[in-house]
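Residue numbers (this note's numbering): 271 to 540.
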């Protein structure tokens, strides 16, 4: 299965569409404001008409217990971060998203559902970001993101082997979870283009197969993705954060009041 997860809004709210062959299959949304309280920052995942399928639930106590001890993995062999339960439309837990660290430079992304767990291995290579998805030792999919981003609107290609299509709903929602955790741009309204060139090195770099799409989805699909990743973008930027807005707003009022005071003191304004 081939999906595209496309961000449609990135100011005031974050909204996404999950698309297959130009048809919207699902919609998602996450918070935009830097509220700092993850338990109210739910990830919602619905059908095209807005009917809820899944949403996330954040446990403050559970996450605090894991993250409060620095380098806990050295003693226990495992430490989890960013744990979000997956709740169905009846508000019952059915799985979870989280990161797990098993050692230095050994971090995995996890989707747990029922008694099965699939793992994601993230890697930055120049102007692309990839997450290689595995069940046990078999690569079942890949999520690909360009680091050339216009107006803070992220876009992801999701490729899943046909025999694992049953995972497509959770992997699509996981993609939105991943964007929320790592590319949220909280409180920032950005008009323009950002281009990052980044390389990461991790114990699991070998999990990335640069020919995964070509080998499993064909040369035409490989070229389509490569064409998007290698596209030229016009460099332009203008941004304002919530904090900067209030600084500018406050400074403007201060200057206005000071001007009025000077005019009043000099007798020009009375």
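Every residue gets a Cβ at the ideal spot worked out from N, C-alpha and C, and that includes glycine.
Excluding the five sequence neighbours on either side, which residues of its own chain have a C-beta within less than 7 Å of the C-beta of residue i, listed in chain order?
i           : result
residue 416 : 397, 398, 425, 498 and 499
residue 358 : 324 and 364
DSSP three-state call for residue i: helix, strand or coil?
i           : result
residue 280 : strand
residue 313 : coil
residue 336 : helix
residue 271 : coil
residue 501 : coil
residue 322 : strand
residue 346 : helix
residue 459 : strand
residue 300 : strand
residue 358 : strand
residue 385 : coil
residue 406 : coil
residue 493 : helix
residue 481 : coil
residue 291 : coil
residue 518 : Caution applies to residue 518, whose pLDDT of 47 falls short of 50 and renders its modelled position unreliable; the model cannot decide the point.
Contact check, residue i vs residue j under 8 Å by CB: the rounded distance?
i           : j           : result
residue 463 : residue 503 : 5 Å
residue 348 : residue 372 : 6 Å
residue 303 : residue 288 : Residue 303 to residue 288, Cβ: 24 Å. No contact.
residue 389 : residue 404 : 5 Å
residue 493 : residue 280 : Going by Cβ atoms, the distance from residue 493 to residue 280 rounds to 28 Å, so no, they are not a contact pair.
If I measure Cβ to Cβ from residue i and keep anything under 8 Å in the same chain, skipping five residues before and after, which residues do I get?
i           : result
residue 365 : 355, 356, 381, 382, 383, 384 and 440
residue 478 : 391, 393, 395, 400 and 402
residue 471 : 375
residue 486 : 429 and 431
residue 336 : 342, 349, 350, 351 and 353
residue 482 : 402, 409, 412 and 429
residue 297 : 285, 286, 287, 288, 315, 316, 317, 318 and 320
Between residue i and the rest of its own chain, which residues show a CB-CB distance below 6 Å, the 5 nearest in sequence each way excluded?
i           : result
residue 438 : 271 and 430
residue 300 : 284, 313 and 450
Inset, instruction - Could you tell me which uninterrupted alpha helix (DSSP H) segments, each at least 4 residues in length, are contained entirely in the region 415 to 479, listed from first to last along the chain? - result: Qualifying alpha helix (DSSP H) stretches, in chain order: 438 to 452.
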